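Working notes for the structure below.
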Amino acid sequence: MIRLQVERILGRKILLLGDVGTGKTLLTSRILEKLVELGYEKHITVIDMAPEKMGHIGGTLGEYTRVVERVTYLRPRTIYAPRTTARNQEELLFMARKNAESIDSLLTKYLSQPTEILIINDVTLYFHAGDIRRVLECLSHAKTFVANAYYGQKISCDYGTGVTLRERKLVERLAKEMDIILNLDSIGGSNFFVDG
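Pasting the structure below:
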């Protein structure tokens, strides 16, 4: 087990990267639980951009932990998984645009009432068609930022839309703003013990 002290991540920007099934959402949920346990719940906003779990792929933070009920929890009513559910190029682009529109309203909501701690689950869904400057603006309002992002090879079918390449480039751009980057491909999120 690898020990991750939450107190050491306060005041920092952290990005959890990895392919499908590496434990990004699991580790994010453990960090959130520890922050709530330490009494930070009134200072936390979670923006959950993930679709519901599909087999072993992803999932919302609400599917991993009930502590989302104790923080400001923002999630679109509808969120699509474009590359795993779209049947063609047009459908994929439609889903990506709809996701970006839904998530934009949540980013606006956060910016109108920012909290010291911002946690984003699956920022990559927004990067399919959204504007990274909106995420960077939110990042600038948070003292502590924790996000997870898909960064792998297993989900790559985008029907020639360029969504996969765009996503990867924007994740790399976001990574440049981070203090800590954990690539879970070789470690795995389940191998972390999250401590105060």
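Take -17 as the starting number for the sequence shown in the working numbering and just add one per residue. Cβ coordinates follow ideal geometry from the N, Cα and C atoms, glycine included. Treat the numbers as computed from the prediction; the structure is a model and nothing was measured.
Member of the options whose CA lies at the smallest distance from the CA of residue i
i: Val145; options: Val105, Ala82, Leu75; result: Leu75
i: Val105; options: Ser87, Val153, Tyr55, His38; result: Val153
i: Arg155; options: Leu121, Leu(-8), Cys139; result: Leu121
i: Arg170; options: Leu(-8), Glu98, Lys6; result: With the sequence shown as reference, residue 170 is identified as Gly, and Arg is not the correct amino acid for it. Ranking Leu(-8), Glu98, Lys6 by Cα distance to Gly170 puts Lys6 first.
i: Pro58; options: Leu43, Glu72, Arg65, Val49; result: Leu43
i: Asp140; options: Thr67, Tyr92, Lys91, Lys158; result: Thr67
i: Val2; options: Glu98, His38, His123; result: His38
i: Tyr92; options: Glu73, Ala82, Leu107, Ala124; result: Ala124
i: Thr54; options: Arg48, Lys35, His25, Thr47; result: His25
i: Ala82; options: Lys35, Val50, Gly41, Met31; result: Met31
i: Gly40; options: Ala131, Lys151, Leu88, Glu72; result: Ala131
Anticipated Cβ contact below 8 Å, residue i with residue j, distance rounded
i: Ser172; j: Leu(-14); result: That belief does not hold up - the Cβ atoms of Ser172 and Leu(-14) are roughly 12 Å apart, past 8 Å.
i: Ile114; j: Arg(-6); result: Their Cβ separation, rounded to whole angstroms, is 20 Å, which puts Ile114 and Arg(-6) out of contact at 8 Å.
i: Ile85; j: Gly112; result: 6 Å
i: Ile61; j: Pro33; result: 5 Å
i: Leu89; j: Arg69; result: About 29 Å; that fails the 8 Å criterion.
Euclidean distance between Cα positions of residue i and residue j
i: Glu190; j: Gly142; result: This structure leaves residue 190 out entirely; the chain is present only between -17 and 178.
i: Glu19; j: Val(-12); result: 11 Å
i: Ala78; j: Pro64; result: 6 Å
i: Leu147; j: Ile13; result: 29 Å
i: Ile(-16); j: Lys80; result: 38 Å
i: Met160; j: Leu118; result: 11 Å
i: Ser87; j: Glu73; result: 22 Å
i: Thr4; j: Leu(-8); result: 23 Å
i: Arg(-10); j: Gln71; result: 44 Å
i: Ala157; j: Lys35; result: 25 Å
i: Ser94; j: Val50; result: 20 Å
Residue i vs residue j beta-carbon contact at 8 Å
i: Leu(-4); j: Val128; result: First, the amino acid is wrong: residue -4 is Ile here, not Leu. A contact, by the Cβ cut-off of 8 Å.
i: Gly21; j: Asp167; result: no
i: Phe175; j: Glu149; result: no
i: Leu56; j: Thr10; result: no
i: Thr126; j: Ile102; result: no
i: Leu(-2); j: Leu107; result: no
i: Arg52; j: Glu23; result: yes
i: Gly178; j: Lys16; result: yes
heavy atom of the ligand ADP below 7 Å from residue i C-beta
i: Gly(-7); result: Annotation note on the ligand ADP: not contained in the displayed structure, which lists no ligands.
Min CB distance residue i to chain B below 8 Å
i: Gly40; result: Judged by its chain identifiers, the structure shown contains no chain B, having just a single protein chain.
What are the start and end residues of each continuous beta strand (DSSP E) run of 3 or more residues lying completely inside the region 98 to 176, in chain order?
99 to 103, 126 to 132, 162 to 165
Can you list, in chain order, the stretches of the alpha helix (DSSP H) that have 4 or more residues and sit fully within the region 52 to 93?
64 to 67
Could you pull out every unbroken beta strand (DSSP E) segment of at least 3 residues lying fully inside the region -15 to 57, listed in chain order?
-5 to 0, 26 to 30, 54 to 56
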